[in-house]
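Colleague:
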Amino acid sequence: MTIDAPTPPGYRFRQLTADDRRAVTEMDSWAFPASVDPDVIERGPSPLTWERTVGVEVDDATTSAPGLAAMHASYPFGRFPVPGGTLPTAGLTWVGVHPQHRRRGIATAMIDLHLARCSERGEPLSALFAAEYPIYGRFGYGKAADDVRVTIARGAALRNVPGASDHSVRIEHADRERHAALVDAVHRGAGESVGGTGLNRPGWATRETPELQAAWWQDAPAFRGGQESRRVVVVERAGAPRGYALLRRKLDWAPSGARGTVSVQEAVALDAAASRALWGVLLDLDLMTEIKPFILSPDDPLLSLLADPRAVGQQRVDNVWVRLVDVPVALAGRQYAAPVDTTLAVTDTRLGANDGVWRLRAAPFGAATCERSDVPPSEADLALDVRELGAAYLGGTSLAALAAAGRVTARTPDALATVGAAFGWPVAPVCSWVF
0 MTIDAPTPPG YRFRQLTADD RRAVTEMDSW AFPASVDPDV IERGPSPLTW ERTVGVEVDD
60 ATTSAPGLAA MHASYPFGRF PVPGGTLPTA GLTWVGVHPQ HRRRGIATAM IDLHLARCSE
120 RGEPLSALFA AEYPIYGRFG YGKAADDVRV TIARGAALRN VPGASDHSVR IEHADRERHA
180 ALVDAVHRGA GESVGGTGLN RPGWATRETP ELQAAWWQDA PAFRGGQESR RVVVVERAGA
240 PRGYALLRRK LDWAPSGARG TVSVQEAVAL DAAASRALWG VLLDLDLMTE IKPFILSPDD
300 PLLSLLADPR AVGQQRVDNV WVRLVDVPVA LAGRQYAAPV DTTLAVTDTR LGANDGVWRL
360 RAAPFGAATC ERSDVPPSEA DLALDVRELG AAYLGGTSLA ALAAAGRVTA RTPDALATVG
420 AAFGWPVAPV CSWVF
């Protein structure tokens, strides 16, 4: 079905369906080259929600090779965590353009369509992982979270945590039927109350759809990169699950002996004691020499449990990017860490309804309101682009830091300090998996 929306001359949008699976697989392999054969990919489960998947075709098939010129999709996150709550959010994904059709405005047309559909569906936010850092800022997305990638030597010393020894640990082949409910429950619980504090972790998206679940649990040999089949470490206390890790090992040999690597796909624990029990096992697997967790939050307990953090190789990487589609709904839909009554002059060149001055009022960790204000933009407490608003939205990017870089303008230093404190959040935002 053709979609009536603006495209560059010579192209058209088309709603894709499951019957387009082969074309989607081929398109994705052009945009994101992979070593796995498309035939193998096509035999596995697709994570896509098809009614949210759109292709771009050439109007005249005689002027181009057959197939899609571009595509994009989104995941329906009905409970995307924001500070103190959740909001419906579109997880933008699979954005790709065939090399033959680049630099013609197709990506811009796709993002505009995506944002229009978000508005139609009542999704006040869009979120994504950026394949390339410079792309999405020009569409109003701000880098809202970072994660930490580390490499840890086997046997790295950990600080003791009271209660860690009260936990039992089992190590098994990971299996969806046996472990999916456990993994989902612990993952959700860890995001809803970080370390038992009652504070949620913004950005901690769950795998809400059946398609995402099926894709997450697939374990075909072609996708293992020479590693073993997936394993799971389950941490329990009095029979109740308190943490888990999904991992693969790979064993190599050198003249000096075994040189094994543990690749941790996801490691989640409900409190410090469970985290200590979990990492105590992961850091002491036989024949392994290094452990590589894929994504850690900047405030993950492991980083504080390490007796010598200097001995760990660390790299900070951009995590979730956020775009406010409906500014007043998004700002009223989160909580704030300090009292705030302020005016924000927001610039949004793509979504005109967001452009203007907004009055935001909230009690600390309570309800918030956001309404249009008749204050002139020059007299607003803060002036910023929707991109910077997205960067600060989850509480992980300081408004003061953005102001120091010239990306936020404050009417007074007091206004910057007050609003900046309100937008902060005690828990660092992060998403534990790439969508």
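Each residue of the sequence shown is one higher than the one before, starting from 0 at the first, in numbering that gives the first Met the number 0. C-beta: ideal position from N, C-alpha, C; glycine also.
What three-state label does DSSP hand T107 in the structure shown?
Modeller: helix
Colleague: H178 lies in the alpha helix (DSSP H); which residues open and close that run?
Modeller: 175-191
Colleague: List the whole-angstrom C-beta distance separating R200 from V429, where the pair is believed to meet the contact cut-off of C-beta under 8 Å.
Modeller: That pair is a contact at about 7 Å.
Colleague: Do you know offhand how far P82's Cα is from L398's?
Modeller: 16 Å
Colleague: For S255, which of helix, strand or coil comes out of DSSP?
Modeller: Of the three classes helix, strand and coil, the one that applies to S255 here is coil, per DSSP.
Colleague: Considering only residues of the region 232-291, which uninterrupted alpha helix (DSSP H) runs meet the minimum length of 4 residues and lie entirely inside it, listed in chain order?
Modeller: 271-281
Colleague: Near L305, which residues of its chain fall below 7 Å by C-beta distance, leaving aside the five closest residues on each side in sequence?
Modeller: A155, L157, V311
Colleague: Considering just the uninterrupted stretch of the alpha helix (DSSP H) at A403, what are its terminal residues?
Modeller: 398-403
Colleague: Given a cut-off of 8 Å on the beta-carbon distance, is the pair A427 and S296 in contact?
Modeller: Yes, these two residues count as a Cβ contact at 8 Å.
Colleague: Which residue or residues does DSSP assign as beta-bridge partners of E370?
Modeller: Answer is R358, bridged to E370.
Colleague: So for H172, helix, strand or coil by DSSP?
Modeller: strand
Colleague: Rounded to whole angstroms, what is the Cα-Cα separation between D38 and W49?
Modeller: Across the structure, D38 and W49 are spaced so that their CA atoms are roughly 20 Å apart.
Colleague: Let me know if N318 comes out buried or exposed under the rule of 16 or more other beta-carbons within 10 Å of its beta-carbon.
Modeller: Its Cβ being crowded by 16 or more others within 10 Å, N318 is buried.
Colleague: Below 8 Å, how does it come out for the region 157-170 and the region 266-280: are there three or more Cβ pairs, yes or no?
Modeller: As far as the Cβ criterion goes, the region 157-170 touches the region 266-280, which means the pair count is three or higher.
Colleague: I'd like the list of long-range same chain contacts for D270, defined as Cβ closer than 6 Å, with 5 residues on each side in sequence excluded.
Modeller: G194, G195
Colleague: Quick one: grab the DSSP three-state call for F138.
Modeller: helix
Colleague: Between which residues of its own chain and D251 is the CB-CB distance below 8 Å, once the five residues before and five after are set aside?
Modeller: Counting only Cβ-Cβ distances below 8 Å, and skipping sequence neighbours, we find A257, R258, G259, T260.
Colleague: Does at least one heavy atom of the ligand HEM sit under 7 Å from the Cβ of H113?
Modeller: For the structure depicted, the ligand HEM is absent and the ligand set is empty, with no information on it obtainable.
Colleague: Going by the beta-carbon positions, is the gap between F138 and I110 smaller than 8 Å?
Modeller: Closer than 8 Å, so yes.
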